[in-house]
Amino acid sequence: DAGVIQSPRHEVTEMGQEVTLRCKPISGHNSLFWYRQTMMRGLELLIYFNNNVPIDDSGMPEDRFSAKMPNASFSTLKIQPSEPRDSAVYFCASSLTGSTDTQYFGPGTRLTVL
Amino acid sequence: AQSVSQHNHHVILSEAASLELGCNYSYGGTVNLFWYVQYPGQHLQLLLKYFSGDPLVKGIKGFEAEFIKSKFSFNLRKPSVQWSDTAEYFCAVNARGGGNKLTFGTGTQLKVEL
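So this is what it looks like as structure tokens:
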């Protein structure tokens, strides 16, 4: 199994630009999570999906952030417009459905907004 | 809502020293508990997890953790650390019945010196 796949691995953009991060969960996993990691705030859950449906988006910072999961094998996290304070590592994780299931993390996307 | 506290933010040890990293959570109900590790430049990987049964859990690479319900704790231990254990360690809690949402602690940065 290839594990959780994220792209791009690194993204450098200028303030005001739109940024789209992509994630392919492990095949057969029904839950998908987006996290943000910063030095100041640690690892924060932004949003998670069960069976492609957003369940909890209370961690999404503001309206500039949006996430979609059009099918079981693909999700996007979009920031529009981006700001320097959005600079962070964004992780995607997936798990089988159920509260006892382990989450498997992707390699992350390091986003730098200049 | 559940929360997780990791009291040690930075730990420096010499090789062969024993390790104990503290983790406390606040949630009155039943929980699933996890320790994840993030090696430099890599994504989070599961070290061990506790769902039920024996409160002493063995994980990979010689790590273990003990769930003490009365203390709301799930401390991570290793009898003898190696240089390759240098990494950041995250404790995480999932409240049963709370969906798949994991709440992470702020992490403990461990540096093992030769």
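Protein sequences, first through last, are from chains A and B. Numbered by my numbering, the letters in the first sequence go through residues 111 to 224 in order. Numbered by my numbering, the letters in the second sequence go through residues 13 to 126 in order. Ideal placement from N, C-alpha and C gives every residue a C-beta, glycine not left out.
For residue i: DSSP bridge partner residues
| i | result |
| --- | --- |
| residue 166 (chain A) | A:158 |
| residue 193 (chain A) | Partner(s): none; residue 193 (chain A) has no beta bridge. |
| residue 17 (chain B) | B:36 |
| residue 144 (chain A) | A:157 and A:202 |
| residue 129 (chain A) | A:189 |
| residue 47 (chain B) | B:60 and B:103 |
| residue 176 (chain A) | A:188 |
| residue 84 (chain B) | Its beta-bridge partners do not exist; DSSP assigns none. |
Residue i: first and last residue of the uninterrupted beta strand (DSSP E) it sits in
| i | result |
| --- | --- |
| residue 26 (chain B) | 22-26 |
| residue 29 (chain B) | Per DSSP, residue 29 (chain B) belongs to no beta strand (DSSP E) and is neither H nor E. |
| residue 121 (chain B) | 120-125 |
| residue 101 (chain B) | 99-107 |
| residue 115 (chain A) | 115-117 |
| residue 70 (chain B) | 68-70 |
| residue 63 (chain B) | Per DSSP, residue 63 (chain B) belongs to no beta strand (DSSP E) and is neither H nor E. |
| residue 80 (chain B) | 76-80 |
| residue 150 (chain A) | Counting along the chain, residue 150 (chain A) falls outside any beta strand (DSSP E), and DSSP gives it neither H nor E. |
| residue 221 (chain A) | 219-223 |
Chain-ordered chain B contacts of residue i [CB-CB under 8 Å]
| i | result |
| --- | --- |
| residue 216 (chain A) | 55 |
| residue 212 (chain A) | 46, 58 and 61 |
| residue 201 (chain A) | 55 and 56 |
9 Å Cβ cut-off: residues of chain A touching residue i
| i | result |
| --- | --- |
| residue 45 (chain B) | Under the 9 Å cutoff, chain A gives no residues; its nearest Cβ is about 11 Å from residue 45 (chain B). |
| residue 102 (chain B) | 152 and 153 |
Interface residues of chain A facing residue i [CB-CB closer than 8 Å]
| i | result |
| --- | --- |
| residue 119 (chain B) | 152 and 153 |
7 Å Cβ cut-off: residues of chain A touching residue i
| i | result |
| --- | --- |
| residue 116 (chain B) | 152 and 153 |
- Query: Would the region 58-74 of chain B and the region 168-183 of chain A be scored as touching if the rule is three or more Cβ pairs under 8 Å?
  - Reply: The region 58-74 of chain B makes no contact with the region 168-183 of chain A, as fewer than three CB pairs between them are under 8 Å.
- Query: Contact between the region 177-187 of chain A and the region 124-135 of chain A: three or more CB pairs below 8 Å?
  - Reply: Three or more beta-carbon pairs separated by less than 8 Å link the region 177-187 of chain A to the region 124-135 of chain A, which places the two stretches in contact.
- Message: Between the region 146-157 of chain A and the region 119-134 of chain A, can you find at least three pairs of beta-carbon atoms closer than 8 Å?
- Response: Judged by Cβ distances under 8 Å, the region 119-134 of chain A makes no contact with the region 146-157 of chain A, as fewer than three pairs qualify.
- Taking 8 Å as the threshold, find out whether the region 105-124 of chain B comes into contact with the region 30-50 of chain B through three or more Cβ pairs. The answer is yes - the region 30-50 of chain B touches the region 105-124 of chain B, with three or more Cβ pairs under 8 Å.
- Message: For the region 193-212 of chain A against the region 77-97 of chain B, do three or more pairs of beta-carbon atoms, one drawn from each stretch, fall closer than 8 Å, so that the two count as touching?
- Response: No contact exists between the region 193-212 of chain A and the region 77-97 of chain B.
- Message: So, does the region 173-180 of chain A touch the region 17-29 of chain B, judging by three or more C-beta pairs under 8 Å?
- Response: With fewer than three CB-CB distances shorter than 8 Å, the region 173-180 of chain A does not count as touching the region 17-29 of chain B.
- Message: Check whether the region 54-70 of chain B and the region 26-40 of chain B touch, using three or more Cβ-Cβ pairs below 8 Å as the test.
- Response: No, the region 54-70 of chain B does not touch the region 26-40 of chain B.
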